[in-house]
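Residue numbers (our numbering), protein chains in the order written: chain A, 38 to 236; chain B, 102 to 525. To start, the structure under review is shown below, and the notes come after it.
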């Protein structure tokens, strides 16, 4: 019971890394003075998103005033915890959703954060690649559809086989006309240069 | 190719079969009209002729029976022009019957003039062994009898070619077998005329052996009536998978192979039990008359199919169907031969054999028999089929030909194809 600060990242004084019940918890702190700075708020939230897959639980710790500005349901949706604080109290308004993969106890507190960061970065790259591939697939599909339309319109301007002519004109002919290859063979009599085998 | 809407209405087909004349415009759909391919030359002094007040020299179509008077008329005045597929050059009566049938056929489909009718595109068909003079004479008949303008353009195509067109196969061997003869005709977009093989054997020969069988079984009186013999042949004839085995089996179990035929609307009944094995002779004789069992029939006077020359073609008498097909295919380019063997089409009433289910394996149908004959000679991987519509496939082919061939493809006496224009 009780969280323990795992390391202090001097560069990120607005974040806390904790270990609680064998799970890694990261808290991103939004200071009071940052409330009026939309960029800072967005930066905080984006930071939280990027940390989501790296820690069991992530929290945003923000002044109570933020709670009146935002619907806390948003945090619940994304599994991010919300802690609101003022001079008198600190409330866990939204409990974070633990990531399964990170529910297993830490192997060692000596895990290289650079490796973890690298992993996060690779994952992010993978997701971007995946997004690009999906976009390319869509473009290819569109291209293929356009190609079919082009070739269809090309066919309509050239001479179609006799069968298509019959179908298009709704000509009602006896059944022995259907799929009969002789219609095309005979329609080319005297036109395509083929002659009977020599007698 | 722009759709010729005119020809989707005004294409006309004529099939001069050995027994029937099938004719009709494209509007007939699947089935043309059918009348006997025959004409009757009435006695102009007879009461019936004067009673009907007709001026025709030759009667064709459904009216013929009205004029028949006695059995004597049948031989003298009733003419079947194409019994053997060929009309003799000098047989004027036969040509007059053909002319009358052409007129009859076209006038049966006289359209309303207000519909923009400017003559039919007429496609007629003749036997594949028809000599050139038959083409000349037939086209002349249309030229000289177009006073009413029924014909805009006319052409003639061989019947096996029409069969291939009607069946929808562009490379194949068509085997037509009718009453008097049979023809093996390879087709590859065009008829390969130089490779055709003709046989002097057809349904009439099966009738002949049936007649002998009836005589041997004690039905000598009935054996003389051609129409009855034909009906008996169709009712009891069987094609054996192997003649020796089939005969042995039938001799061992005559009851199993017993045949009974009752002449409709009479008390006459024909029964073969002890002699039921002879049923297999009828079918075998059509496909292969070379078995020694037939020698006894030849010795007793049954005519042996001879090699004859008719027109430009030699009709082989004793060649079996397997050898005939091989001889024909091997006259074609080597690279075409496998394609030809893979599509063999059988056409004509002489191939209509339906084995009873209980005799499966002993009695077979025509496609199976042909396959066996070819297999025995080392030709495998063949496909043999009956045409989809044995009775009308020639007419179907005529209609498709008439519909599709371009107007500007003119008649050529070398090719023996193309349109002969009779109207603008």
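The beta-carbon is built from N, C-alpha and C at its ideal position, and this holds for glycine as well.
- Kindly indicate if chain A contains any beta-carbon less than 8 Å away from that of residue 506/B. yes
- Query: Considering only residues of the segment 83-164 of chain A, which uninterrupted beta strand (DSSP E) runs meet the minimum length of 3 residues and lie entirely inside it, listed in chain order?
  - Reply: 94-100, 118-122, 127-131
- Output the residue ranges of the beta strand (DSSP E) runs that lie fully inside the segment 176-255 of chain B and measure 3 residues or longer, sorted by chain position. 221-227
- Message: Looking at residue 372/B: is its Cβ nearer than 8 Å to the Cβ of residue 361/B?
- Response: Contact: yes.
- Helix or strand or just coil, what does DSSP make of residue 370/B? strand
- Item | Alpha-carbon spacing of residue 59/A relative to residue 178/A, whole angstroms | 48 Å
- Message: Between the alpha carbons of residue 155/A and residue 86/A, how many angstroms are there, rounded?
- Response: Rounded to the nearest angstrom, the two C-alpha atoms are 16 Å apart.
- Item | Rounded separation between residue 494/B and residue 216/B - CA only | 29 Å
- Message: Please identify the residue among 133/B, 128/B, 313/B whose C-alpha is closest to the C-alpha of residue 117/B.
- Response: Out of 133/B, 128/B, 313/B, 133/B has the C-alpha closest to the C-alpha of residue 117/B.
- CA-CA distance, residue 165/A and residue 172/A? 11 Å
- Residue of 246/B, 370/B, 119/B, 523/B minimising C-alpha distance to residue 305/B: Of 246/B, 370/B, 119/B, 523/B, the residue nearest in Cα terms is 119/B.
- Per-residue burial, residue 83/A [other beta carbons within 10 Å of its own, 16 or more giving buried]: With fewer than 16 other Cβ atoms within 10 Å, it is exposed.
- Is residue 174/A close to chain B, meaning its C-beta is less than 8 Å from at least one C-beta of that chain? no
- Thinking C-beta only, is residue 404/B closer than 8 Å to residue 390/B? Taking 8 Å as the Cβ cut-off, residue 390/B and residue 404/B do not qualify as a contacting pair.
- Kindly indicate which residue of 142/B, 487/B, 260/B has the alpha-carbon position closest to the one of residue 470/B. 487/B
- Query: Does the distance from the CB of residue 383/B to the CB of residue 311/B come in under 8 Å?
  - Reply: yes
- Task: In the DSSP assignment, find the unbroken alpha helix (DSSP H) run with residue 56/A in it and report its ends.
- Result: If you look at residue 56/A, you'll find it isn't in any alpha helix (DSSP H); it sits in the beta strand (DSSP E) that goes 52-57.
- Task: Evaluate residue 422/B with the Cβ neighbour count: other Cβ atoms within 10 Å of its Cβ, from every protein chain shown; 16 or more gives buried, anything less gives exposed.
- Result: Using a 10 angstroms sphere on the CB of residue 422/B, the tally of other CB atoms reaches 16 or more, which defines it as buried.
- In chain order, which alpha helix (DSSP H) runs of at least 4 residues are fully inside the segment 434-518 of chain B? 438-442, 467-477, 494-505
- Output the boundary residues of the alpha helix (DSSP H) element that contains residue 260/B. 260-268
- Message: For residue 256/B, would you say it is in contact with chain A, using Cβ-to-Cβ distances shorter than 8 Å as the test?
- Response: no
- Taking the C-alpha atoms as reference points, what is the distance between residue 68/A and residue 110/A? 21 Å
- Item | Partner residues on chain C for residue 125/B, Cβ-Cβ distance less than 7 Å | Among the protein chains of the structure shown, namely A and B, there is no chain C.
- Task: State the DSSP-derived secondary structure class of residue 106/B, mapped to helix, strand or coil.
- Result: coil
- Query: To the nearest angstrom, how far is it from the Cα of residue 273/B to the Cα of residue 321/B?
  - Reply: 43 Å
- Message: Suppose you measure from the CA of residue 507/B to the CA of residue 328/B; what does that come to, to the nearest Å?
- Response: 44 Å
- Task: Consider the Cβ of residue 426/B: report whether some Cβ of chain A lies at a distance smaller than 8 Å.
- Result: no
- Query: If you drop the 5 nearest sequence neighbours on each side, which residues of the same chain put their C-beta closer than 6 Å to that of residue 216/A?
  - Reply: So no residue of the chain qualifies.
- Message: Looking only at its chain, what residues have a beta carbon closer than 7 Å to the beta carbon of residue 192/A, apart from the 5 residues adjacent to it on each side?
- Response: Here the model assigns residue 192/A a pLDDT of 46, short of 50, so the residue's position is not dependable and the matter cannot be decided.
- Message: Contact criterion: CB-CB distance below 8 Å. Does residue 228/A meet it with respect to chain B?
- Response: yes
- Task: Return no unless some Cβ of chain A is closer than 8 Å to the Cβ of residue 497/B.
- Result: yes
- Task: Give the residues of chain B in contact with residue 19/A, contact being defined as C-beta atoms less than 8 Å apart.
- Result: The question about residue 19/A has no answer here: the residues shown for chain A are numbered 38 through 236.
- Alpha-carbon to alpha-carbon, residue 368/B and residue 378/B: 25 Å
- Which residues in the same chain as residue 316/B place their Cβ atom closer than 7 Å to its Cβ, once the five residues preceding and following it in sequence are excluded? 324
- Query: Taking only beta-carbon atoms, is residue 212/A less than 8 Å away from chain B?
  - Reply: So yes, residue 212/A belongs to the interface.
- Message: I'd like the list of long-range same chain contacts for residue 141/A, defined as Cβ closer than 6 Å, with 5 residues on each side in sequence excluded.
- Response: Residue placement at residue 141/A cannot be trusted, given a pLDDT of 48 that sits under 50; what the coordinates show is reported in the next sentence. No residues qualify anywhere along the chain.
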